Every structure is written in structure tokens, then in C-alpha cells.
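K.L.:
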Amino acid sequence: MSDNDIETLIVGGGIAGLACAVHLKENGRSIRLVERNDHLGGVIRTLCEDGYRIETGPNSLFLRSEDPLLDYIKKLGLEKESVQAGLTGKRRFILKGGKPVPLPASILEGITTPVLSLRGKLRVLKEPFVPSYEPDDPADPPEETVAQFVERRFGPEFLDWIIDPFVKGVYASSPEILSMGDTFPKLTDMEDRYGSIIRGALAMQWAPKPSPAPLTRSIFSFSEGMGRLPKAFGDFLGTDAGTNADVIGCTRTPNGFRTALLFEDETYYLHSRHVVLAGSATQASELLQEISPEAGGPLSEIPYAPIAVVSMGFARKNVSHPLDGFGLLVPTKERRKILGILFSSSLFPGRAPENQVLLTVFAGGMPNPKLAFTFDEELIDIVGREVESILGTKGKPDFLRIQRWEGAIPQYTLGHRSRIERIMDALPEGIHLAGSYLSGVSVSQSFTSGIDAAKKILSFAPRD
Ligand SMILES: Cc1cc2nc3c(=O)[nH]c(=O)nc-3n(C[C@H](O)[C@H](O)[C@H](O)COP(=O)(O)OP(=O)(O)OC[C@H]3O[C@@H](n4cnc5c(N)ncnc54)[C@H](O)[C@@H]3O)c2cc1C
Numbered sequence: 361m362s363d364n365d366i367e368t369l370i371v372g373g374g375i376a377g378l379a380c381a382v383h384l385k386e387n388g389r390s391i392r393l394v395e396r397n398d399h400l401g402g403v404i405r406t407l408c409e410d411g412y413r414i415e416t417g418p419n420s421l422f423l424r425s426e427d428p429l430l431d432y433i434k435k436l437g438l439e440k441e442s443v444q445a446g447l448t449g450k451r452r453f454i455l456k457g458g459k460p461v462p463l464p465a466s467i468l469e470g471i472t473t474p475v476l477s478l479r480g481k482l483r484v485l486k487e488p489f490v491p492s493y494e495p496d497d498p499a500d501p502p503e504e505t506v507a508q509f510v511e512r513r514f515g516p517e518f519l520d521w522i523i524d525p526f527v528k529g530v531y532a533s534s535p536e537i538l539s540m541g542d543t544f545p546k547l548t549d550m551e552d553r554y555g556s557i558i559r560g561a562l563a564m565q566w567a568p569k570p571s572p573a574p575l576t577r578s579i580f581s582f583s584e585g586m587g588r589l590p591k592a593f594g595d596f597l598g599t600d601a602g603t604n605a606d607v608i609g610c611t612r613t614p615n616g617f618r619t620a621l622l623f624e625d626e627t628y629y630l631h632s633r634h635v636v637l638a639g640s641a642t643q644a645s646e647l648l649q650e651i652s653p654e655a656g657g658p659l660s661e662i663p664y665a666p667i668a669v670v671s672m673g674f675a676r677k678n679v680s681h682p683l684d685g686f687g688l689l690v691p692t693k694e695r696r697k698i699l700g701i702l703f704s705s706s707l708f709p710g711r712a713p714e715n716q717v718l719l720t721v722f723a724g725g726m727p728n729p730k731l732a733f734t735f736d737e738e739l740i741d742i743v744g745r746e747v748e749s750i751l752g753t754k755g756k757p758d759f760l761r762i763q764r765w766e767g768a769i770p771q772y773t774l775g776h777r778s779r780i781e782r783i784m785d786a787l788p789e790g791i792h793l794a795g796s797y798l799s800g801v802s803v804s805q806s807f808t809s810g811i812d813a814a815k816k817i818l819s820f821a822p823r824d
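The number in the numbering used here is simply the position in the sequence shown, starting from 1, with 360 added.
#1: What first and last residue would you give for the beta strand (DSSP E) that runs through A605?
#2: Using C-beta distances below 8 Å, list every residue in its chain close to S749, excluding the 5 sequence neighbours before and after it, in chain order.
#3: Which of helix, strand or coil does DSSP assign to A573?
#4: Between the stretch 521 to 536 and the stretch 486 to 493, are three or more C-beta pairs nearer than 8 Å?
#5: Going straight from the alpha carbon of I769 to that of P709, what length do you get?
#6: Taking 7 Å as the threshold (C-beta atoms), are L659 and A644 in contact?
#7: Specify, as a first and last residue, the run of the alpha helix (DSSP H) that H383 falls within.
#8: Between P418 and ligand 1, is there a pair consisting of the residue's CB and a ligand heavy atom that are separated by less than 6 Å?
#9: List the whole-angstrom C-beta distance separating F453 from P460, where the pair is believed to meet the contact cut-off of C-beta under 8 Å.
#10: Can you tell me whether Q889 is buried or exposed? The criterion is at least 16 other CB atoms within 10 Å of its CB, across all chains shown.
#11: Determine the burial state of T720: buried for a count of at least 16 other Cβ atoms within 10 Å of its Cβ, exposed for fewer.
#12: Would you check if the distance between the CB atom of P614 and the CB atom of E766 is smaller than 7 Å?
#13: Can you name, in chain order, every residue of its own chain whose Cβ lies under 6 Å from the Cβ of D365, other than the five neighbours on each side?
#14: Is S704 near ligand 1, in the sense that its beta carbon is under 6 Å from a heavy atom of that ligand?
#15: Using three-state DSSP, classify T734 as helix, strand or coil.
#16: Going by DSSP, what residues sit across from K456 in a beta bridge?
#17: Hey, L400 and L637: beta-carbon distance below 7 Å or not?
#18: Sort N397, D741, L378 by Cα distance to E624 and report the nearest one.
#19: Taking one C-beta from the stretch 385 to 392 and one from the stretch 672 to 687 each time, how about it: are there three or more such pairs within less than 8 Å?
#20: For A499, which residues from the same chain have a beta carbon less than 7 Å from its beta carbon, with the 5 sequence-adjacent residues on both sides left out?
#21: Just to confirm the assignment, what range does the beta strand (DSSP E) spanning V717 have?
#22: Relative to ligand 1, is the shortest distance from any of its heavy atoms to the C-beta of G700 smaller than 6 Å?
#23: Would the stretch 540 to 554 and the stretch 727 to 739 be scored as touching if the rule is three or more Cβ pairs under 8 Å?
#24: With DSSP as the reference, identify every bridge partner of A601, one or two as the case may be.
#25: Restricting to runs no shorter than 3 residues, where is the beta strand (DSSP E) found entirely within the stretch 739 to 811?
#26: Rounded to the nearest angstrom, what separates K450 and H776 at their Cα positions?
#27: Using a Cβ-based criterion (distance less than 6 Å to any ligand heavy atom), does G374 qualify as near ligand 1?
#28: Measure the alpha-carbon distance for V747 versus A712 and round it to whole angstroms.
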């Protein structure tokens, strides 16, 4: 192999691309990862400014024992640097009638909560007796949205006050546009298996389980913040990962692919047998236009929600809410402009200077995409007024930082799974995909998509 001739080129140094690169390197394969930004991690980035430790993207991780990311966290020795969300981190608020109201965290709280009316609570209890969805029944839609599924099984109040704010908080979206089967496949499987989500949840609760592995079943980050994760993977990859290199084209060769990349205004070419496209679906689509328009077309149809992340620091005494929780989600019915607020300095230690607090406000998303691109001054004004009326902040924040993501979260809309199947069927041999639009949007699921791509490559014999 010549100097620029490698087995696998990975385009994109977000968590999905890093997972793929690390897994291949660990298995002795020759790789190169290229990232257009000046840092690895994609949307995962922690910045330290004015004594605040802020996250520009994800704030926390939630892992299950079967998640490959858990193994890598252990392998890289990051377990001891993890920080768990404190007890307050378990409490979440929703906005109701303009006031933060805690979401019920136990059955008893579920009975007494003011989030749902008595009628709404009784409707939830009726769920085990609701008939299952039958896709072949002409009376049922061919595929259900999250809103259709939740309203059918749990009633409209549960949709409006529990699921709608959750969908806004996690997917920056609306239950009316997401596919239930593709966004929450475990819940549709539960309905298929037990005929009811409540019955399924109870059966799983009572089923014998191994004791939970460390770092599972609770929300955590790292003392240095989420940026610790890409940093550790970058250290492992060393010179096999490069930044400031923008991949601008990819063509076929008799032995694989020739990829053009722009680095310091010069164009370079890399030859490889495999190419992993680990950017967004939109970015993958652009690179596939020449070699596989059949895959590139449906990739470009996957919509993304834009988000503005506004980090705000206040003196503790200037916020009247105790901030005793994870954060607050905003139901559409409340007619607010923001998606939600994280109480970042309550969640993990070391996020704000002493006697200060850090709030992270999310704005935009599918419900209000234009807000993500509003000029700074207007955005700060809107967000400031919302935070003041919801949490009782006084005066201007002492610290402010805005991060905008044009394509933050992929939307698993109706038809998502069949679109992905069409894309996979059309991919030329040697081209692989990884990213948050494939098997779930979380950091851990994006990581798994990179491992899955690496496993496909490992099924090919290594090249001499
Ligand atoms: C604001 C926000 C908050 C979130 N909060 C959470 C959370 O708390 N917990 C959680 O689990 N998940 C959260 N998520 C979701 C999760 O962080 C992402 O889905 C996941 O990190 C995406 O990883 P990725 O590798 O697929 O994509 P990205 O992080 O987007 O990485 C793709 C990379 O590819 C690079 N690239 C693309 N094209 C090229 C090219 N042609 N040449 C070179 N490089 C290229 C890009 O520059 C980018 O760095 C959040 C996401 C956002 C945006």
C-alpha cells in the first residue's frame, strides 16, 4: 500500500465515526479518520469559559448493560472519571399553567400529581384494556405517529402533558410528525407482545434480572464534561485521526474508492477499499450523489431539527426557583417559544463558579425552526424573557453563550425504516454508513451505529 492507501477511510469524527475507527483499529485494521472541524466529537463538545463548564451538545449519557459504549468507557478507564446525576437530577419539571410542576416519579406521585386531571389519570389506567394496533386492519392507519399511538393507548392528556414535552426535549420535535415504530420500537414491540404497555412494563419489572452493571440505569457525565469522551477516543487513535480536513468528493476505482479532501486549501486524494460516511444523512447524501444517487436520494429526504443552545449563568440569588431537578420541559399547550431548560449546575458538580448557576436553554426544533436562526440579540431577548417568567431570574445573565446546530437531531418520520432499508440496499459494496439517523439519536445509539459499520468491514478479510 502506498502512503495514502488505507483499508478504511472514515469521514466524520463525531461519536459514530470515532466508534467505527476505534473498533477497527482495535482489531488491527488500517484506518484513517478525517474531520472537517478543528476538533473531534461532532456535536459533543465541552467548553470552559469564565469559570463555567458548558456543553454545546449533549449534557449526559444513559447506558444499558448491552451498549458497546459501556465497554469502551471501561476499556479507556473513564469509569473513574464519571459523575452521576445527584438525586435532584431524577426530578423533572414540566410547565403547566405557566408554573414548573414536578413530573410524577412514583406510583403514589402519579395518583396525586396535578399534571393530569382525574379524568386523564383514569384514562391512563384504561390502557391495558385498549385493543392492539392491527396494521392489516383497514380501520387502522398503515403506520402510526407517536401522537396517534399515545392518544389511542393512553388518551389525549397523557399525550399533551407527558409525551409531547418529552418528544420536544429529546427529539426537538413534535409527536405528530414522528413514527412511533421507528422512534420508540421497544414500546410498539411491547404492545405486540403483551397487548399493553402497562402490562408489558409490569411483566418486565417482575422478571428476574441480573444486578445492574455500574454506570447503567442512571444519568451520568464525566468530571471534565462530555467532551472527555471524544478526547479519549482521539488519544487512542493518535495520528490516525485528523481534523480540519473536509471531504469534498468520492469516486470509484477498480479496487475501491478515491476520496478527495481539502486541507489547508490544498486538495489531497486518499485511496481506500472501504469508506464509512459518518456525518449526517444530508452530508452522506452529498458525497454519494456521484457514486450512488439511489442511496443519496432517500438520504437527502431525512429531515433534521435545527436547535439553538443558549447557556446562561446567573448569580444563585438572582434565580428564585430552587433548580432542584434535571430541568424543565415545555408542553406545546403552554404556547411558549422554548423547548426546555436544563438546570445544568444542579445536574453535575463543577458546572458553574461558586454561588452561580448555569442554565441551558434549548430553542427552535421542528416546532419553531426559525428561532434557531434568529439573530443573537432577538434570541437572547426571547430566551431571557421566557426564563425570567418561568424560573424567576432577575436581571441579565452574567454569562451567555449561543451554539447553533443547523442539523441537530434527525427526525424518524413516517416511513423512516423503509427509507433506511432502501438506502442500505442501494449502497455500493465498500460504502458504509454510521450516524444518529440509523439506530437511534442518543450518543450511545450513535456510537452503536459506528460499531455496526465496523463489524461489517471486519467481515471482509483484511487487505495485505
Ligand atoms: C444540542 C444537542 C443536545 C443533545 N443532548 C443529548 C444528550 O443529552 N444525550 C444523548 O445521548 N444525546 C444527545 N444528543 C444527541 C447526540 O449527541 C447526537 O445524536 C450524536 O452525538 C450524533 O453523533 P454523530 O457522530 O452521528 O454526528 P455528529 O456529532 O454530527 O458528527 C458528525 C461529524 O462528521 C463531520 N463531517 C460531516 N461531513 C464531513 C465531511 N464531508 N468531511 C469531514 N467531516 C465531515 C462533521 O463535521 C461532524 O463532526 C444531543 C444532540 C444535540 C445537537
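Backbone N, C-alpha and C fix where the C-beta goes; we use that ideal spot for every residue, glycine too.
Only a predicted model underlies this, so the values are computations on that prediction, with no experimental measurement involved.
P.N.:
The relevant details are as follows:
#1: Its beta strand (DSSP E) spans residues 605 to 613.
#2: Sequence-distant Cβ neighbours of S749 in its own chain, meaning closer than 8 Å and more than five residues away, are G458.
#3: Under the three-state reduction of DSSP output, A573 falls in the coil class, being neither helix nor strand.
#4: Fewer than three Cβ pairs drawn from the stretch 521 to 536 and the stretch 486 to 493 lie within less than 8 Å of each other, which leaves the two stretches out of contact.
#5: Rounded to whole angstroms, I769 to P709 spans 27 Å at the Cα level.
#6: Yes, the pair counts as a contact, with Cβ atoms nearer than the cut-off.
#7: Residues 375 to 386.
#8: Yes; taking the cut-off as 6 Å, the Cβ of P418 has a heavy atom of ligand 1 nearer than that.
#9: Taking 8 Å as the upper bound for CB-CB distance, F453 and P460 are in contact here, some 4 Å apart.
#10: Residue 889 lies beyond the range of the chain shown here (361 to 824); nothing can be said about it.
#11: The residue is buried, with at least 16 neighbouring Cβ atoms inside 10 Å.
#12: Their beta carbons are not under 7 Å apart, which means P614 does not touch E766 by this criterion.
#13: Excluding positions up to five away in sequence, the list reads H631.
#14: The answer is no for S704.
#15: Residue state, collapsed to three classes: coil.
#16: For K456, the beta-bridge partners assigned by DSSP are K459.
#17: No, the pair does not count as a contact, with Cβ atoms beyond the cut-off.
#18: Residue N397 is the option with its Cα nearest to E624.
#19: In short, these stretches do not touch, since the Cβ pair count stays below three.
#20: Same-chain partners within the cutoff: there are none.
#21: In the DSSP annotation of this structure, the continuous segment of the beta strand (DSSP E) that includes V717 starts and ends at 716 to 724.
#22: Between ligand 1 and the CB of G700, the shortest heavy atom gap is not smaller than 6 Å.
#23: No, they do not touch.
#24: Under DSSP, the beta-bridge partners assigned to A601 are L393.
#25: Taking 3 residues as the shortest admissible run, the stretch 739 to 811 contains the following complete beta strand (DSSP E) segments, listed from N- to C-terminal end: 759 to 770, 791 to 793.
#26: For K450 and H776, the distance between alpha carbons rounds to 32 Å.
#27: Yes, the Cβ of G374 comes within 6 Å of a heavy atom of ligand 1.
#28: In this structure, the CA atom of V747 is about 18 Å from the CA atom of A712.
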